[in-house]
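Engineer:
Numbering (our numbering), first residue to last: 1 to 364.
1. Please state whether DSSP places residue 259 in a helix, a strand or coil.
2. Within 10 angstroms of its Cβ, does residue 240 collect 16 or more other Cβ (buried), or is it exposed?
3. Tell me the DSSP secondary structure of residue 53 in three-state form.
4. From residue 214 to residue 196, what does the alpha carbon distance come to, in whole angstroms?
5. Who are the near neighbours of residue 186 in its chain, counting only those whose CB is closer than 7 angstroms to its CB and skipping five residues on each side?
6. Could you check whether the stretch 339-348 touches the stretch 218-233, counting it as contact only if at least three pairs of C-beta atoms, one from each stretch, sit closer than 8 angstroms?
7. Can you look up residue 203 in the DSSP assignment and give me helix, strand or coil?
8. Return the CA-CA distance between residue 93 and residue 314, expressed in angstroms with no decimal places.
9. Check the DSSP bridge columns for residue 297 and list the partner residues they point to.
10. Bridge partners for residue 185 per DSSP, in chain order?
11. Please state the DSSP three-state secondary structure of residue 302.
12. Can you give the Cα-Cα distance for residue 178 and residue 136, rounded to whole angstroms?
13. Between the stretch 60-72 and the stretch 312-326, can you find at least three pairs of beta-carbon atoms closer than 8 angstroms?
14. Bridge partners for residue 138 per DSSP, in chain order?
15. Excluding the 5 residues flanking residue 189 on each side, which residues of the same chain have their C-beta closer than 8 angstroms to its C-beta?
16. Assuming residue 124 and residue 205 are in contact, meaning their beta carbons sit under 8 angstroms apart, how far apart are those beta carbons, in whole angstroms?
17. Whole angstroms is fine: what's the gap from residue 193's alpha carbon to residue 278's?
18. So, with DSSP's three-state summary, where would you put residue 265?
19. Alpha carbons only, please: which of 50, 52 and 76 is nearest the one belonging to residue 326?
20. Would you check if the stretch 347-361 and the stretch 105-117 touch, i.e. whether three or more CB-CB distances between them fall below 8 angstroms?
21. Report all residues from its chain with a CB closer than 8 angstroms to the CB of residue 389; omit the five preceding and five following residues, and keep chain order.
22. Taking residue 237 and residue 350 to be in contact with their CB atoms under 8 angstroms, please state how far apart those CB atoms are, rounded to whole angstroms.
23. Out of 290, 141 and 211, which one is the CA nearest neighbour of residue 265?
24. Report all residues from its chain with a CB closer than 7 angstroms to the CB of residue 348; omit the five preceding and five following residues, and keep chain order.
25. Express the C-alpha separation of residue 95 and residue 299 in angstroms, rounding to a whole number.
26. For chain D, check one thing: does any of its Cβ atoms lie closer than 9 angstroms to the Cβ of residue 123?
27. For my contact list, residue 102 and residue 53 are in at a C-beta cut-off of 8 angstroms; report their separation, rounded to the angstrom.
28. In terms of alpha-carbon separation, which member of 243, 306, 262 and 242 lies closest to residue 272?
29. Does the distance from the CB of residue 115 to the CB of residue 81 come in under 9 angstroms?
30. Of the residues 100, 110, 79 and 47, which one's Cα is nearest the Cα of residue 86?
31. Under 8 angstroms by Cβ, that's how I've got residue 328 and residue 60 pegged, so tell me the actual separation to the nearest angstrom.
32. On the premise that residue 99 lies in contact with residue 49, defined as a C-beta separation below 8 angstroms, what is that separation, rounded to the nearest angstrom?
33. Taking only the alpha-carbon atoms, compute the straight-line gap between residue 207 and residue 200 and give it to the nearest angstrom.
Right, here's the structure in full:
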């Protein structure tokens with residue numbers, strides 16, 4: 001069954017196992033199979049270029065582009081928060097043995113990024129988000145923090161994205177300095193750009209499949225352009241004055257920028273791992289009231305009782321379906337791919353703010 005950190009491996013022989021996050025999963029030999037056939041299959045797999053993708057966005061798009069032409073290892077389980085991910089020695093080994101390492105960049109998962117950058121490998125290492133979106137949105141260091149994972153009263157300790165002494169601090173960020181927002185994948189066109197970067201890097205390590213990669217990436221980019229138009233059409237059903245977002249995780253600035261929303265606030269400290277003080281709960285209620293929104297939006301790690309309490313006291317609603325924040329979700333989540341993630345998030349936001357969004361009309 002799943003190993004530590006649920007590393008996923010994609011090859012032609014084990015693609016059926018991907019959805020369940022099973023490591024090293026391969027079909028058991030039947031009575032008619034010989035050891036020689038098994039050895040041949042292993043040799044074929046070993047001959048494929050080895051690719052590591054560090055998070056679920058990169059993993060999903062790489063799999064859609066490469067299909068069964070590479071041996072793909074994904075370091076994180078779908079739905080896992082990259083910002084608090086703790087790299088392991090086996091992660092380092094996978095990175096050092098890879099022909100290509102596709103990682104996020106923009107200080108998205110600091111500990112893992114440092115491991116990639118420091119790894120002793122002859123393979124190519126690419127900060128995909130930085131290559132695909134060279135002019136990111138700039139934000140204050142704490143405006144894209146992950147306070148839901150902190151343990152202080154306000155969730156704003158050192159649990160951020162910097163390269164300080166620990167994995168999550170901004171110890172080296174000067175006062176007033178702006179930093180890139182790494183959540184680029186919440187804009188549909190950005191995902192098309194990410195796909196094109198991935199395809200180019202795959203072609204570099206497997207040139208015989210270059211045409212396939214280019215075709216698949218172009219199809220993805222076209223689909224993301226169609227999704228971009230679809231998302232805007234759904235957003236247009238929300239009254240302009242209601243296009244204000246309050247979430248439990250300040251990760252939707254690219255979505256807001258692309259589709260005409262104002263980020264009115266983020267309320268941290270509501271994860272299932274936290275117990276905010278009464279003072280902090282009061283502060284969150286006041287933040288929501290001041291934002292004058294119809295609804296606030298949870299994510300998968302949000303404690304439902306806590307956010308319902310905040311919403312009730314502030315006089316707003318909480319949609320039942322949480323937002324996908326870190327990337328695609330697990331099988332059965334309704335957001336198993338990057339495309340499905342965008343559709344689900346759009347409908348949760350639009351319907352929550354009084355608009356009308358029908359996921360069945362999305363160009364998937």
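We put the CB at the ideal spot given by N, CA and C, even for glycine.
Structural biologist: In this structure, then:
1. Of the three classes helix, strand and coil, the one that applies to residue 259 here is helix, per DSSP.
2. That one is exposed.
3. If DSSP states are grouped into helix, strand and coil, residue 53 belongs with the strands.
4. One Cα belongs to residue 214, the other to residue 196, and the distance between them is close to 8 angstroms.
5. Closer than 7 angstroms at the Cβ level, and outside the excluded window around residue 186, lie 251, 252, 254 and 255.
6. Result yes; three or more Cβ-Cβ pairs closer than 8 angstroms.
7. Collapsing the DSSP output to three states places residue 203 in a helix.
8. Those two C-alpha atoms are separated by around 49 angstroms.
9. Answer by DSSP bridge pairing, in chain order: 247.
10. Per DSSP, none; premise fails for residue 185.
11. Of the three classes helix, strand and coil, the one that applies to residue 302 here is strand, per DSSP.
12. Between the alpha carbons of residue 178 and residue 136 lies a gap of roughly 11 angstroms.
13. Judged by Cβ distances under 8 angstroms, the stretch 312-326 makes no contact with the stretch 60-72, as fewer than three pairs qualify.
14. Bridge partners of residue 138: 180.
15. If we look at residue 189 and ignore the five residues flanking it on each side, its Cβ neighbours are 224, 225, 228 and 258.
16. At roughly 7 angstroms, the Cβ-Cβ gap stays under 8 angstroms, so residue 124 and residue 205 are in contact.
17. Whole-angstrom Cα-Cα distance: 44 angstroms.
18. DSSP places residue 265 in strand when its eight states are reduced to three.
19. When each option's Cα is compared against that of residue 326, the closest is 76.
20. Between the stretch 105-117 and the stretch 347-361, the count of C-beta pairs closer than 8 angstroms stays below three; the two stretches do not touch.
21. A question about residue 389 goes unanswered here, because the residues of the chain that appear run from 1 up to 364.
22. Taking the Cβ atoms as the reference, residue 237 lies roughly 6 angstroms from residue 350, within the contact range of under 8 angstroms.
23. Answer by Cα proximity: 290.
24. Non-local C-beta neighbours of residue 348 in its own chain, meaning closer than 7 angstroms and more than five positions away in sequence, comprise 297, 319, 321 and 323, ordered along the chain.
25. Roughly 30 angstroms separates the two Cα atoms.
26. Any reference to chain D falls outside this structure, which holds one protein chain only.
27. 5 angstroms between Cβ atoms; contact.
28. For residue 272, the nearest C-alpha among the options comes from 306.
29. No, Cβ-Cβ distance for residue 115 and residue 81 is not below 9 angstroms.
30. Among 100, 110, 79 and 47, the Cα nearest to that of residue 86 is on 110.
31. That belief holds up - the Cβ atoms of residue 328 and residue 60 are roughly 5 angstroms apart, short of 8 angstroms.
32. Contact between residue 49 and residue 99 holds: CB atoms are separated by about 5 angstroms, below the 8 angstroms threshold.
33. Looking at the two C-alpha atoms, the distance is approximately 10 angstroms.
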